[in-house]
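Visitor:
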Amino acid sequence: MEHLPIIAVDMLIRRKGLHMSKLQAATPEDLQRLKLEASAYFGPKMLKQALLRLCQACGADSLDRFEKTMVDQIEAMHDDDNRANFETLKEFAIEQLYACVREVSSSPDMKQPLEETEARRTPGRSQKPETLEDQLQAGLEDSFPASDPPAVVSTAIPGGSKKLVGTDEVLKKKREEEAKNKSRS
1 MEHLPIIAVD
11 MLIRRKGLHM
21 SKLQAATPED
31 LQRLKLEASA
41 YFGPKMLKQA
51 LLRLCQACGA
61 DSLDRFEKTM
71 VDQIEAMHDD
81 DNRANFETLK
91 EFAIEQLYAC
101 VREVSSSPDM
111 KQPLEETEAR
121 RTPGRSQKPE
131 TLEDQLQAGL
141 EDSFPASDPP
151 AVVSTAIPGG
161 SKKLVGTDEV
171 LKKKREEEAK
181 NKSRS
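Here our numbering is used: position 94 in the sequence shown is 94, and no number is missing along the way.
1) Exposed or buried, VAL170, counting other C-beta atoms within 10 Å across all chains shown (16 or more means buried)?
2) Grouping DSSP H, G and I as helix and E and B as strand, with all else coil, what is PRO44?
3) Does the separation of the CB atoms of LEU54 and PHE66 fall below 9 Å?
4) Output the distance between the C-alpha atoms of LEU18 and ALA25, rounded to the nearest integer angstrom.
5) Quick check on SER183: buried or exposed, where buried means 16 or more other Cβ atoms within 10 Å of its Cβ?
6) On the three-state DSSP scale, how would you describe LEU18?
7) Going along the chain, which residues of its own chain have a beta-carbon closer than 8 Å to the beta-carbon of ARG83, five neighbours each way excluded?
8) Run the CB neighbour count on LEU36, radius 10 Å, all protein chains shown included, and call it buried at 16 or more, exposed below.
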């Protein structure tokens, strides 16, 4: 599993035969360094895209299963080259896996799980189409006034419309009438 990015880089190198002349002139150490750099750069990007496609095809639960399986596999690996920092490498690989899975699961391209209809169904409700229609009709009849508001009655005032008067005009007329009443008394 740890050689997948290197294998992918080898496949890309074979496909791009035009660039082989530069690589053929390189020393084996340079090639190894290039493979490691390409794996470090492109490996996480390829993993992210592969996980997105997995989730789109199989759903989010497949991502959870993949994460658990990969963590178990990484933890079970043993170092054949007796590297002193192999346990640290495994720990770092698991952290990278968690980060990649977190990024994929928060992606807007991720397929969302289907809603459980059983959890939403009201207890005692039927699943048969013919009885569902009856239940719907009964529910509509129970809520009749709210679901069918009365028609709007015409608000036209018989005898024509009145001239609209603003507040200032009403107050002015009121003051004038009060002034007339004072002058009479």
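Note that the Cβ used here is the ideal one computed from N, Cα and C, for glycine as well.
Guide: Judging by the given coordinates:
1) So VAL170 counts as exposed.
2) DSSP, read as helix, strand or coil, puts PRO44 in helix.
3) With a cutoff of 9 Å on beta-carbon distance, LEU54 and PHE66 are scored as near each other.
4) Confidence in LEU18 is poor, its pLDDT being 43 and thus under 50, which makes the residue's placement unreliable; the coordinate value appears in the next sentence. Near 13 Å, if we compare the C-alpha coordinates of ALA25 and LEU18.
5) Exposed is the label assigned to SER183, since fewer than 16 other Cβ atoms lie within 10 Å of its Cβ.
6) Its pLDDT being 43, under 50, LEU18 is placed unreliably in this model, and the coordinates cannot settle the point.
7) For ARG83, where only same-chain residues beyond five positions count, the Cβ hits under 8 Å are LEU89.
8) Exposed, by the Cβ-count rule.
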